[in-house]
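Data first, discussion second: the structure below is written as structure tokens.
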Amino acid sequence: MLPIRPRRNRRSTGLRALVRETVLAPSDLLLPLFVVEGRDVEQPVTAMPGVARMSTDRAAACAREAHAAGVPGVALFPALDDSRKDRLATESRNPDGLLQRAVRDIKERAPDALVITDVAMDPYSSDGHDGVVTDDGRIDNDATLPILADMAVSQAAAGADMVAPSDMMDGHVAAIRSALDAAGYTDTGILAYSAKYASAFYGPFREALDSAPRHGDKQTYQMDPGNVREAVREARLDAAEGADIVMVKPALAYLDVIAAVRQAVELPVAAYNVSGEYAMLKAAAANGWIEEAPARREMLTAIKRAGADVILSYWALEVARELGG
Ligand code: PBG
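So this is what it looks like as structure tokens:
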């Protein structure tokens with residue numbers, strides 16, 4: 017007779033629930049939202065069925081719904097008209113800019129929802145890059161830092177709970193932390209995109225924001241997909257510079273990176289289930305090739321199992337509802 021039978025623990029729903037190691041909860045999730053000018057506006061994003069760019073009133077309603085379903089907060093990304101973009105991303109520091117108004121609107125209508133804002137130049141940059149582009153086409157790291165710092169202060173002033181630098185400039189967390197503290201925003205947190213890869217999976221997001229680089233690519237600042245030790249180095253640096261949460265992005269093709277960063281730092285680890293990951297499953301589901309609801313829960317559970325405490329996902333609201341949040 018076989019004395020050891022692992023299947024005993026899988027016999028019933030109750031047993032499976034009892035021994036389940038990783039349980040996804042609505043409180044693990046954050047919902048990214050794209051905001052546009054106007055009122056009562058919703059513009060579908062072609063490559064992301066079910067996702068739309070929304071005016072700030074709609075975004076606030078969405079944040080309320082997400083919060084009611086148990087999702088602690090939203091991550092905001094502004095989609096700006098080209099006329100507002102310039103080489104220094106000046107609009108990113110406008111106290112009455114679209115993003116700043118969106119933060120205030122959400123804080124007014126959904127006061128308990130956390131609001132996390134993206135710090136990077138690309139949505140505001142006529143070059144479509146996350147840093148300042150020099151005349152000879154290089155990314156000027158150190159000229160970018162004060163711009164990121166001012167942007168973060170402007171977002172904190174609007175009421176953001178956390179700012180999330182996604183620019184991958186060296187020294188960004190330290191520059192932002194000291195600027196926030198100097199301006200009196202000692203309680204505003206930093207969710208650092210520490211290990212952000214130069215990935216093909218951001219395509220649909222760049223369509224949503226019309227933020228693709230006008231020249232070149234992002235390989236001199238975003239990381240090479242072959243590297244994992246470098247991710248640990250980046251995460252430790254951001255932790256030492258004062259990050260409150262470190263992030264790995266994308267998530268699904270980088271589960272080993274999430275696990276390595278989890279081991280290396282004590283801070284909470286976030287992972288971004290990016291636009292291309294969403295689009296892939298949506299496309300397969302639309303063709304009837306994969307069943308969307310169980311597949312997305314499986315993906316998000318895998319990201320959590322790898323070590324993520326926080327998951328940014330365009331599915332946050334639907335999944336939270338399914339989980340009974
Ligand atoms: C911009 C930024 C990007 C994403 C989040 N912040 C795109 C990029 O770096 O080009 C991608 C998110 C997604 O694909 O869902 N700094």
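So the sequence shown is residues 17 to 341, counted in my numbering.
For each residue, glycine too, the CB sits at the ideal point set by N, CA and C.
Query                                                                                                                                                              : Result
How long is the line joining the alpha carbons of Gly30 and Leu316, rounded to whole angstroms?                                                                    : 22 Å
List the whole-angstrom C-beta distance separating Lys320 from Asp44, where the pair is believed to meet the contact cut-off of C-beta under 8 Å.                  : 6 Å
Indicate the three-state DSSP secondary structure (helix, strand or coil) for Thr133 in the structure shown.                                                       : strand
Any heavy atom of the ligand PBG closer than 6 Å to the Cβ of Phe50?                                                                                               : no
Can you look up Asn243 in the DSSP assignment and give me helix, strand or coil?                                                                                   : coil
What are the start and end residues of each continuous alpha helix (DSSP H) run of 4 or more residues lying completely inside the stretch 154-203, in chain order? : 157-174, 188-198
Tell me the rounded alpha-carbon separation between Asn25 and Leu34.                                                                                               : 9 Å
Of the choices Met263, Leu46, Pro162, Ser28, whose alpha-carbon is the least far from that of Gly187?                                                              : Pro162
DSSP puts Leu96 in a beta bridge; with which residues?                                                                                                             : Answer is none; Leu96 lacks a bridge partner.
Less than 7 Å between the beta carbons of Val281 and Ala247, yes or no?                                                                                            : no
Which residues bound the beta strand (DSSP E) around Pro60?                                                                                                        : 58-60
Check this for me: beta carbons of Ala295 and Met64, under 7 Å apart or not?                                                                                       : yes
Looking at His83 and Ala129, is the spacing between their C-beta atoms short of 7 Å?                                                                               : yes
In terms of DSSP beta bridges, what is Lys212 paired with?                                                                                                         : Lys265
Let me check you understand the geometry: is the CB of Ser182 closer than 6 Å to at least one non-hydrogen atom of the ligand PBG?                                 : yes
On the CB-based measure, 16 or more other CB atoms within 10 Å of its CB, does Asp166 come out buried or exposed?                                                  : buried
Alpha carbon to alpha carbon, how far is Arg36 from Thr133? Give it in angstroms, no decimals.                                                                     : 34 Å
Who are the Cβ neighbours of Lys123 in its own chain at under 7 Å, not counting the five residues just before and after it?                                        : Val131, Gly175
How many Å lie between Thr204 and Gln171 at the Cα?                                                                                                                : 10 Å
For the ligand PBG, any of its heavy atoms closer than 6 Å to the Cβ of Tyr140?                                                                                    : no
I'd like the span of the alpha helix (DSSP H) that includes Ser227, first residue to last.                                                                         : No alpha helix (DSSP H) holds Ser227; DSSP gives it neither H nor E.
Starting from Arg117, trace the alpha helix (DSSP H) both ways and give me its first and last residue.                                                             : 114-125
Would you mind stating whether Ala190 and Glu250 have Cβ atoms separated by less than 7 Å?                                                                         : no
Would DSSP call Gly323 helix, strand or coil?                                                                                                                      : coil
Less than 7 Å between the C-beta atoms of Ser215 and Asp138, yes or no?                                                                                            : no
Based on Cα-Cα distance, which residue from Thr160, Lys212, Pro220, Asn243 lies nearest to Ile192?                                                                 : Thr160
DSSP on Leu34, reduced to helix/strand/coil?                                                                                                                       : helix
In terms of residues, what are the limits of the alpha helix (DSSP H) holding Tyr294?                                                                              : 291-302
Contact check, Asp183 vs Val135 under 8 Å by CB: the rounded distance?                                                                                             : 7 Å
What are the boundary residues of the beta strand (DSSP E) that includes Leu47?                                                                                    : 45-52
Could you pull the start and end residues of the beta strand (DSSP E) that Ala68 belongs to?                                                                       : 68-71
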